[in-house]
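Using the working numbering, you'd call the opening residue of the sequence shown number 10 and step up by one each time. For reference, the structure discussed in these notes is given below.
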Amino acid sequence: MSKRNRYSAALLWRLVRSTADLQGFLSNKEKQELDDQYQQYKRAGPEEKKVSSLQLRAILSKRRPLLPAVMGILGTVAWIALLIFHSAKYPQKELLRFYLFQPLLLAAFAPFSLYLLDNLERKLYFRLDARPSSLFVSLLGFTALTMLLASINQDLPFARSPDRFHLTLLVIGVAIAPLFEEIAFRQWLPSKIGLDPHWAGHAISALVFTVLHIPTTLDPEMATYYYLCGATLSLLRIQTDSLLWPFLAHAAANVSMVLAG
């Protein structure tokens with residue numbers, strides 16, 4: 010069996026290994042060999058990964074799904090309509106609108122960000138991995154994020170007792186926007202720099218993540234907290250080999266902070 014075929018088999022096994030019905034078909038030695046091949050795949054170069062991914066993609070799916078595009082278009086239209094409505098109903102709340110509609114815009118674009126991943130990556134990085142180690146690390150990541158976000162002192166216009174309408178919009182925004190951020194900053198950008206696990210790429214990505222959180226990052230102390238948030242999510246991405254857990258931890262921490270405030 011060629012190296013690329015072994016990589017494809019290892020990737021496919023990674024996707025289905027949690028299925029109980031399949032466990033009995035392979036011996037422990039065979040399972041270990043597939044796990045070892047997956048580790049070799051992670052250390053392979055970008056070109057080798059691309060070829061293996063294309064080979065398996067031809068088996069799993071030949072077309073990209075249309076649903077993310079439809080959801081992205083509908084979300085963008087809804088964002089524009091909501092912005093027009095808010096500007097007409099609350100013309101004096103420009104600062105509130107600025108902070109409120111930023112996460113909502115990322116939430117609207119979140120479905121489009123799925124196209125930054127190929128079919129294999131979407132299946133691989135958004136699989137439900139319920140291993141105790143992943144659950145434990147994700148809980149630690151959520152706790153660390155919550156503590157860091159609580160330390161970020163933002164005197165935002167909706168920080169105190171927002172009405173139900175604005176609170177609902179804010180929760181929707183901060184809950185969905187992390188999908189865009191995790192794909193962009195914990196997979197797409199880091200993967201362009203170095204080899205897996207892309208330590209340098211994640212370090213640079215966390216810096217970009219920090220810079221984009223303006224004007225808060227004009228304060229060096231707040232910038233440090235944001236960089237630590239990005240680094241925490243990168244470590245969670247690496248430890249779980251997943252984007253699902255970083256997204257859930259990020260979204261849960263954001264929503265917790267909004268509701269607690």
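We treat Cβ as the ideally placed atom computed from N, Cα and C, and that holds for glycine. Everything numeric in this text was worked out from a predicted model, so none of it was measured.
| Item | Value |
| --- | --- |
| Rounded straight-line distance, which links the Cα of Tyr234 to that of Met80 | 33 Å |
| Cβ separation of Phe189 and Phe110, assumed to be a contact under 8 Å, to the nearest whole Å | Contact flag wrong, Cβ pair sits at about 14 Å. |
| For Leu43 and Ala18, believed in contact at Cβ under 8 Å, the rounded distance | 6 Å |
| Cut-off 7 Å between Cβ atoms - residues of its own chain near Leu245, not counting five sequence neighbours on either side | Val146, Ser147, Gly150, Trp254, Pro255 and Ala258 |
| Whole runs of the alpha helix (DSSP H) within the region 96 to 156, excluding any shorter than 4 residues | 103 to 122 and 128 to 134 |
| Ala37 classed as buried or exposed, judged by whether at least 16 other C-beta atoms fall within 10 angstroms | Correcting the residue type first, residue 37 is Asn in the shown sequence and not Ala. Asn37 should be labelled exposed. |
| Lys59 burial status per 10 Å Cβ neighbour count (16 or more: buried) | exposed |
| Cβ pair Ala184, Ala260 closer than 8 Å | yes |
| Helix, strand or coil at Ser200 according to DSSP, with G and I counted as helix | helix |
| Nearest to Val25 (by Cα), restricted to the options Ser142, Gly203, Leu137 and Ser122 | Leu137 |
| Secondary structure of Leu227, DSSP reduced to three states | helix |
| Cβ shell of Thr209 (< 7 Å), same chain only, five flanking positions each side left out | Reading off the sequence, residue 209 comes out as Ala, not Thr. Result list for Ala209: Ile202 and Gly203, in chain order. |
| Alpha carbon of Ser96 to alpha carbon of Ala90, nearest angstrom | 10 Å |
| Own chain residues within Cβ distance below 6 Å of Phe194, not counting five before or after | Ser214 and Phe218 |
| His175 in three-state terms, based on DSSP | helix |
| Nearest-angstrom Cα separation, counted from Ile192 out to Leu92 | 25 Å |
| Residues near Ile247 by beta carbon distance below 6 Å, same chain, minus five either side | Pro206 |
| Selection from Tyr124, Arg173 and Met266 that minimises the alpha carbon distance to Arg73 | Tyr124 |
| Separation of Glu57 from Leu114, as counted between CA atoms | 36 Å |
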